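I have placed the structure first, in the form of structure tokens, so that the comments after it can refer back to it.
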Amino acid sequence: MAGRGGTNLKNDYWPKDLLLSILATLPAKSLLRFKCVSMHWRSLIINPYFIEQHLEKQQKKDYPQLVFASRASKPDMVLESMAIVDVEVGDEEGTKVRKGFRRSSSSICHLPCAHCFLSNSCDGILCFFGITSVFVYNPGTREFRTVKMQKKGFSPVFSSSVDFFVRIFPKDFLVGFGRDQVTKECKIIRLFTPKEENHIHECEVFTLSSDAGASWRGLGEVAYFIRAAQLPVYLNGALHWILDIRHANPSEVIVSFDLHTEKFQAISHPSCYSEVSDRSQLKHMELLPLRSSLCLLEGKYYWPSRQLNIWIMNQSNGIWEKLFSINRGLTKNGIPLACPTAELKDGTFFVLRNWKNLQIFDPESQSDSEVLIQHEKYVDCYAYSESLVPLYGEPLVD
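Just so we're aligned, residue 1 is where the sequence shown starts under UniProt numbering, counting upward by one.
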């Protein structure tokens with residue numbers, strides 16, 4: 001790298017802490033180019049400590065990026081394409097103001113996994129799955145990896161079930177993705193139904209390491225009756241699911257899977273769902289991440305209330321409190337029309353309505369903004385932060 005007058009900028013001129021602090025604020029695309037500056041810069045950028053530092057900076061941005069995953073039809077979950085959108089911010093009298101949106105250069109079209117469903121995202125990596133394989137992709141580095149599922153637990157006939165947001169999922173297995181907070185390794189979790197069984201109760205794990213001989217590891221039977229057709233929520237090294245209404249213990253509603261210990265355990269939940277008489281309402285609930293915390297979305301199906309309540313769990317003590325409600329959240333037949341995606345600095349939320357329109361919802365005034373982004377097809381929307389987390393795979397070529 002040359003300075004003014006062609007003078008080389010030696011590494012000695014750049015204090016390491018200062019250099020890392022500056023680099024950590026840059027987008028992944030720039031950092032990938034800067035790896036070519038010198039061997040020293042390359043070693044800094046691929047260092048695991050810097051990868052975590054960069055991810056932390058990206059997650060603390062004032063405005064998150066948004067992932068829009070296009071679906072073929074309303075009830076379907078099969079993806080046709082995916083795009084990442086940045087919030088454009090301008091300065092007005094020294095204050096940062098949201099100006100609009102612009103499409104990021106990072107996008108996926110024609111996913112290599114036929115009949116592809118989106119599972120969840122974690123630390124800048126998106127996880128998709130089909131009937132026979134899992135596809136993980138880092139849009140920041142454009143690195144991807146495909147992992148074939150084992151045939152154990154596969155049914156010769158595809159069966160499906162519908163989630164809270166009327167999205168279709170495979171009925172016989174669930175897929176989750178996350179990172180071990182101790183080893184920093186990425187792991188794929190597969191929960192499936194053995195043949196001649198009627199509920200999900202076996203688990204396998206695949207660790208995305210540099211080991212070319214890595215394979216699925218069976219963890220045996222799961223002691224929890226996990227509900228089919230739901231997206232997992234990843235937070236702080238654990239995946240979370242809602243249990244089925246037929247689960248034997250009425251005091252257990254939400255189960256977590258620790259990606260380091262690889263153990264399942266039930267966690268606390270709002271006290272109003274601890275009684276047997278309320279368990280029929282579990283099918284009207286969904287988990288989602290907001291404020292870097294586990295949240296529970298509860299749908300009230302009593303016309304004409306049409307209300308969605310969002311509960312949030314305190315990370316330190318496990319106590320739940322109501323975060324806010326969305327009136328007019330449901331149609332007359334109980335189909336949810338609003339899904340909070342991410343919180344903004346002023347306490348408002350990005351909300352996806354009618355599966356097509358992105359708006360800003362103000363919980364205090366119960367009002368929506370104008371439509372910010374409108375899609376012709378049905379989409380799912382998620383908050384996203386890019387990263388340099390490695391998958392030990394291959395670059396995606398359009």
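Glycine residues also receive a C-beta, built at the ideal position from the N, C-alpha and C atoms.
Computed from a predicted model, the values in this text were never measured in an experiment.
Review point. Candidates G124, D123, Y137 and C122: which alpha carbon is nearest C116's?
Key: Y137
Requested in this report: State the DSSP-derived secondary structure class of R291, mapped to helix, strand or coil.
Outcome: coil
What residue range is occupied by the uninterrupted alpha helix (DSSP H) comprising S21?
-> K16 to L23
**Request:** For K99, name the three-state secondary structure that DSSP assigns.
**Result:** Reliability of the predicted coordinates at K99 is poor, the pLDDT of 48 falling under 50, and the value obtained from them is presented with this limitation in mind. Strand.
Open item on the list: Starting from Q150, trace the alpha helix (DSSP H) in both directions and tell me its first and last residue.
Closed with: Note, Q150: premise wrong, no alpha helix (DSSP H); not H, not E.
Review point. Can S387 and D123 be called in contact, C-beta distance under 8 Å?
Key: yes
Mind reading off the beta-carbon distance from E298 to M313? Whole number of angstroms is fine, and I expect it under 8 Å. Not really, about 13 Å apart at Cβ, beyond 8 Å.
request  = Just mark Q265 as buried or exposed, buried being the case when its beta carbon has 16 or more other beta carbons within 10 Å.
outcome  = exposed
**Prompt:** At a cut of 8 Å, does the stretch 256-265 reach the stretch 216-233 through at least three beta carbon pairs?
**Reply:** yes
Item to complete: Could you give the DSSP three-state label for F164: helix, strand or coil?
Response: coil
- Message: Along the chain, where does the alpha helix (DSSP H) containing I360 start, and where does it finish?
- Response: Here I360 belongs to no alpha helix (DSSP H); instead the beta strand (DSSP E) covers N357 to D362.
Name the one or two DSSP bridge partners that P340 has. V351
Worksheet item: For G140 versus A248, is the C-beta distance shorter than 8 Å?
Response: no
Open item on the list: For F361 and P340, which I take to be in contact (beta-carbon distance under 8 Å), what is that distance rounded to the nearest angstrom?
Closed with: 7 Å
* Have a look at the DSSP bridge pairing and note the partners of W311. => L296 and K322
Taking the C-alpha atoms as reference points, what is the distance between F324 and D368?
14 Å
- Task: For the alpha helix (DSSP H) holding H40, just list the boundary residues, first then last.
- Result: M39 to I45
Check: Does the distance from the CB of K356 to the CB of S70 come in under 8 Å?
Finding: no
- With distances taken between CB atoms, is the gap from T146 to F135 smaller than 8 Å? yes
List the whole-angstrom C-beta distance separating Y384 from V67, where the pair is believed to meet the contact cut-off of C-beta under 8 Å. 5 Å
*Return helix, strand or coil for R33, following the three-state DSSP convention.*
helix
Q) Helix or strand or just coil, what does DSSP make of Q58? A) helix
- How would you write the range of the beta strand (DSSP E) that C186 sits in, first residue to last? C186 to F192
Practice prompt. Give a yes or no on whether the C-beta atoms belonging to L372 and L358 are separated by under 8 Å.
Written response: yes
Secondary structure of A28, DSSP reduced to three states: helix
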